[in-house]
Amino acid sequence: MAVDSQASGGRQGAASWWYDPKFRSIAFQVAFVLALVGLGVYLVHNTLINLEKRNIKTGFDFLFNPAGFEIPLTLIPYSVEAGSTHGAVFIVGLLNTFLISAMGIVLATILGFILGVLRLSNNWLVSRLVGVYIETVRNVPLLLQFLFWHFAVFQSLPLVRQAIPIFDTVFIHNRGLTIPKPLPQPGFLVVVISVFIAIAAIVYLKKWARRRQDATGEQFPVFWVSLGVLIAVPLLASAATGFPLTWEYAHLGRFRFTGGLGIQIELFSALAALTVYTSSFIAEIVRAGILAVSKGQQEASYSLGVRPAPTLRLVIIPQALRVIVPPLVSQYLNLTKNSSLGIAIGYPDLFNVFGGISLNQSGQAIEIVAMCMVVYLTFSLLISLYMNWYNRRISLVER
Amino acid sequence: MSEFANDPGRSFYRTENIPQSSPPVSTIGVLGWMRANLFSSPFNTALTLVTLYLLYSVVPPLFQWAFIDSLLVGESNKDCRGIAGACWVLVPKRFGQYIYGFYPEPERWRVNLTFILFFLNLLPVLSDRVPGRTFAALFLVFGFPVVAFVLLHGAFGLESVPTNKWGGLTLTLVFASVAILFSLPIGILLALGRRSEMPVIRTICVAFIELWRAVPLITVLFMASFVLPLFTPEGVNANELLRALIGFTMFSSAYMAEVVRGGLQALPKGQTEAAQALGLNYWKSMQLIILPQALKIVIPGIVNTFIALFKDTALVSIIGLFDLLLVARSAVTDPKWLGLEHESYIFAAVIYFIFCFGMSRYSLWLERKLDTGHRT
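Printed below as a string of structure tokens:
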């Protein structure tokens with residue numbers, strides 16, 4: 001091949017910077033960023049024009065304006081008369097989201113583990129039945145389940161006037177649950193402190209028992225002693241301060257209850273839907289985790305003379321947890337995010353009271369939606385930080 | 400005595416096999432199966448009995464409620480008086496609305512035609528027994544949306560039906576199909592961006608994916624319906640359905656990206672290096688070597704995302720789009736049908752279940768079919 005090396009070299013020299021991967025990568029990235037910034041500027045420009053046209057003032061001043069609506073479930077003092085602000089609405093909603101998420105996570109975990117173990121049962125009937133149940137629950141939209149629990153199940157409970165009494169202290173009706181209201185008397189603080197002291201003692205006890213077993217090989221019945229401490233210490237403390245907790249019982253008047261503590265039905269509807277839905281996913285995770293531990297582990301443990309219960313506790317579960325925990329935590333995150341569906345049935349979570357009512361009242365759509373998103377984003381980042389830490393801690397140390 | 404040899408000096412021994420006896424009755428057949436699977440231990444026996452009792456106390460009454468004591472044809476909830484079981488009267492009366500929403504009745508054949516065409520188009524893509532997969536897939540992505548738009552929305556002489564008339568199962572299916580169609584390619588691009596060696600692209604993709612995955616879908620839909628109108632220039636008023644679709648597609652493409660990334664990470668590095676050694680450029684190597692393998696690994700994950708996406712379409716009812724769930728919900732606010740919540744919700748749940756369950760079975764079948772046995 002007769003190639004004019006001079007000419008070809010020159011052409012390559014001129015074009016080579018264009019074919020240089022490094023140059024191309026930088027040029028492409030710069031172009032991408034410029035396009036993105038251009039799009040951003042265009043959107044901001046549009047937004048500013050639109051906001052001006054609609055007379056919406058941007059900023060977070062609205063957080064200090066009074067919010068003129070009641071919230072049926074508040075964990076902190078909140079009232080329209082006292083002039084509580086949209087900022088207070090934000091806190092109330094946030095706490096309600098925490099409340100339903102925490103309760104949902106605990107219940108869904110318990111139910112999910114039970115279902116997962118039953119799904120693996122060698123009892124054909126049970127495992128099939130649980131399988132059918134899980135498939136049914138997983139394949140129906142969560143929002144539909146929210147509505148079903150709320151409008152079809154809990155709303156068809158008896159009216160307040162015909163509330164079902166349980167020992168005349170707890171009443172079940174279609175507006176919720178009425179329970180006796182705890183009234184802490186002076187000295188109750190001592191009891192609360194004693195509970196924390198008991199917990200601290202148990203933590204210390206566990207460490208001490210571990211050290212002793214490492215040193216001498218003798219085991220200490222930590223569980224039973226802990227249980228005793230946890231019951232006895234607060235009991236003694238409340239006896240010493242003269243049982244500083246009294247209850248105010250609810251009485252059914254003609255149309256409604258006087259006294260007592262009412263718990264909204266929406267809490268139960270949302271809780272039922274979230275628990276049932278999430279537990280069906282957790283059940284599958286648990287099943288996969290247990291199946292992932294090979295049978296040889298159990299046999300090896302038995303052949304070492306370890307009894308079934310410690311085998312489960314010391315050999316099977318720690319290995320299954322390594323598989324279970326990451327997807328489990330992402331289910332927890334899903335549950336927290338899904339609690340925002342409470343808006344469909346009126347559970348006053350963050351998104352309902354703040355993203356719904358506050359948004360309608362103040363018209364600050366951008367700020368409010370952004371604040372809600374930042375809250376969920378923070379949850380999610382915290383969870384993923386924890387996950388990374390956990391994965392590092394439990395990941396197999398290989399050769 | 401012929402079966403024993405009388406050999407003096409030895410103890411007797413058998414010279415012929417005795418006929419094989421059948422295994423114990425308790426280990427074969429129905430009885431044996433029951434013993435092994437239902438009554439293997441006292442605990443299992445108790446569990447079986449409790450379960451049987453539960454089934455006995457739930458299933459027959461439920462069956463009685465739904466099918467025997469129920470009423471299917473009637474005019475309003477007044478006909479339900481004296482009916483002990485389910486009162487399905489609103490389902491046949493409102494069936495059109497469950498399926499088509501407010502789509503004008505004389506035009507409903509267009510919806511039917513669209514879905515028949517969609518199914519015919521989907522058939523070669525789903526199964527390899529029908530020929531023409533590549534063409535069908537390409538048409539599904541590039542041609543069919545146009546056909547569907549013309550048929551559903553109306554053009555070329557077909558009467559125009561604005562999107563706010565769309566509803567029911569039609570809206571749900573349109574929403575889910577469009578979101579699925581767009582979220583997969585966007586998700587693949589995002590996943591490739593996240594694995595890119597260009598730091599800026601990688602950072603932007605990671606931020607985009609994590610942002611959408613962190614927030615609940617309902618906030619995304621609210622943003623699409625309240626905040627998005629502020630972003631568009633004056634005079635441009637994006638359709639409400641379109642706005643919701645944009646938000647929904649962004650949301651689901653972030654999830655899709657994570658699924659695809661799983662497949663990309665599962666491929667050994669040698670595949671990329673081999674492609675480079677053959678002189679393929681980035682896009683060619685992705686298209687011919689990496690993506691076909693990566694996507695095959697994650698097909699179950701992709702279908703699972705489709706199922707989740709289909710279920711999530713129910714959320715658009717909160718921002719007021721008249722999908723299947725909102726039809727079911729608003730049907731029982733009509734004074735004519737008050738008090739029929741169970742029936743309306745159960746009917747909607749059954750429709751959702753059929754679609755989701757169908758997809759999950761398809762994914763299991765595909766998983767078995769595609770399992771080339773490379774992984775143990």
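So the protein lines, in turn, are chains A and B.
In terms of our numbering, the first sequence opens at residue 1 and continues consecutively.
In terms of our numbering, the second sequence opens at residue 400 and continues consecutively.
In this text, a Cβ means the ideal position worked out from N, Cα and C, and glycines have one as well.
Note that the structure is predicted; figures quoted are calculated from it, not measured.
With a cut-off of 7 Å, does the C-beta of residue i fall near any C-beta of chain A?
i, result
"T775 of chain B", "Residue placement at T775 of chain B is flagged as unreliable, the pLDDT there being 41, under the threshold of 50; the coordinate-derived value follows with that caveat. Taking Cβ atoms only, chain A never reaches closer than 7 Å to T775 of chain B, which makes this a no."
"T562 of chain B", "no"
"P459 of chain B", "no"
"F411 of chain B", "no"
"I689 of chain B", "no"
"N443 of chain B", "yes"
"P632 of chain B", "yes"
"F462 of chain B", "no"
"E777 of chain B", "Only positions 400 to 775 of chain B appear in the structure, and residue 777 of chain B is not among them; the question remains open."
At least one CB of chain B closer than 7 Å to the CB of residue i: is that the case?
i, result
"Q29 of chain A", "yes"
"F425 of chain A", "The question about residue 425 of chain A has no answer, for chain A in this structure spans 1 to 399."
"P348 of chain A", "no"
"M1 of chain A", "Unreliable placement is indicated for M1 of chain A, whose pLDDT of 43 sits below 50; no coordinate value is reported for it."
"P158 of chain A", "no"
"F354 of chain A", "no"
"R11 of chain A", "A caution first: R11 of chain A carries a pLDDT of 49, below 50, which makes its placement in the model unreliable, though a value can still be read off. Closer than 7 Å: no."
"K22 of chain A", "no"
"P141 of chain A", "yes"
"A272 of chain A", "no"
"I100 of chain A", "no"
"T311 of chain A", "no"
"M373 of chain A", "yes"
"F148 of chain A", "yes"
Bridge partners for residue i per DSSP, in chain order?
i, result
"T258 of chain A", "A:H251"
"I263 of chain A", "A:L177"
"P403 of chain A", "Not covered by the structure: residue 403 of chain A. The range shown for chain A is 1 to 399."
"G500 of chain B", "B:W565"
"P184 of chain A", "A:L245"
Hey, could you find the ends of the beta strand (DSSP E) residue i is sitting in?
i, result
"L452 of chain A", "Residue numbering for chain A in the displayed model covers 1 to 399; residue 452 of chain A lies beyond these limits and cannot be assessed."
"P165 of chain A", "164-166"
"F171 of chain A", "170-173"
Starting from residue i, follow the alpha helix (DSSP H) in both directions and report where the run begins and ends.
i, result
"A578 of chain B", "567-593"
"Y347 of chain A", "No alpha helix (DSSP H) holds Y347 of chain A; DSSP gives it neither H nor E."
"C486 of chain B", "Here C486 of chain B belongs to no alpha helix (DSSP H), and DSSP marks it neither H nor E."
"S729 of chain B", "723-730"
"H86 of chain A", "86-119"
"Y332 of chain A", "317-338"
"Q692 of chain B", "690-696"
"M758 of chain B", "740-769"
"W149 of chain A", "No alpha helix (DSSP H) holds W149 of chain A; DSSP gives it neither H nor E."
"I197 of chain A", "188-216"
"M685 of chain B", "Element bounds for M685 of chain B: n/a, residue is neither H nor E."
"A31 of chain A", "21-53"
"Q155 of chain A", "Per DSSP, Q155 of chain A belongs to no alpha helix (DSSP H) and is neither H nor E."
"N511 of chain B", "507-525"
"G296 of chain A", "295-303"
"P221 of chain A", "No alpha helix (DSSP H) holds P221 of chain A; DSSP gives it neither H nor E."
"T712 of chain B", "No alpha helix (DSSP H) contains T712 of chain B, which DSSP labels as neither H nor E."
"G131 of chain A", "124-138"
"G669 of chain B", "668-676"
How about residue i and residue j: do their beta carbons lie closer than 7 Å?
i, j, result
"R260 of chain A", "P348 of chain A", "Just to set this straight, residue 260 of chain A is Gly in the shown sequence, not Arg. No, the pair does not count as a contact, with Cβ atoms beyond the cut-off."
"A400 of chain A", "R119 of chain A", "Here chain A has residues from 1 to 399 only, and residue 400 of chain A is not among them."
"V353 of chain A", "G93 of chain A", "yes"
"F705 of chain B", "I579 of chain B", "yes"
"G531 of chain B", "P523 of chain B", "yes"
"P72 of chain A", "Q297 of chain A", "no"
"G262 of chain A", "T169 of chain A", "no"
"R612 of chain B", "L627 of chain B", "no"
"Q621 of chain B", "N46 of chain A", "Per the sequence shown, the amino acid found at residue 621 of chain B is Phe instead of Gln. Taking 7 Å as the Cβ cut-off, F621 of chain B and N46 of chain A do not qualify as a contacting pair."
"T85 of chain A", "F69 of chain A", "no"
"F62 of chain A", "F154 of chain A", "no"
Could you check whether the Cβ of residue i sits closer than 7 Å to any Cβ belonging to chain D?
i, result
"F756 of chain B", "No chain D is present in this structure, whose protein chains are A and B."
What residue ranges within the segment 409-469 of chain B form continuous alpha helix (DSSP H) runs of no fewer than 4 residues, ordered along the chain? 428-436, 441-462
Within the segment 350-396 of chain A, ranges of the alpha helix (DSSP H) (whole runs, at least 4 residues): 359-362, 365-394
Along the chain, which unbroken stretches of the alpha helix (DSSP H) at least 4 residues long are found entirely within the segment 596-663 of chain B? 598-613, 616-621, 627-630
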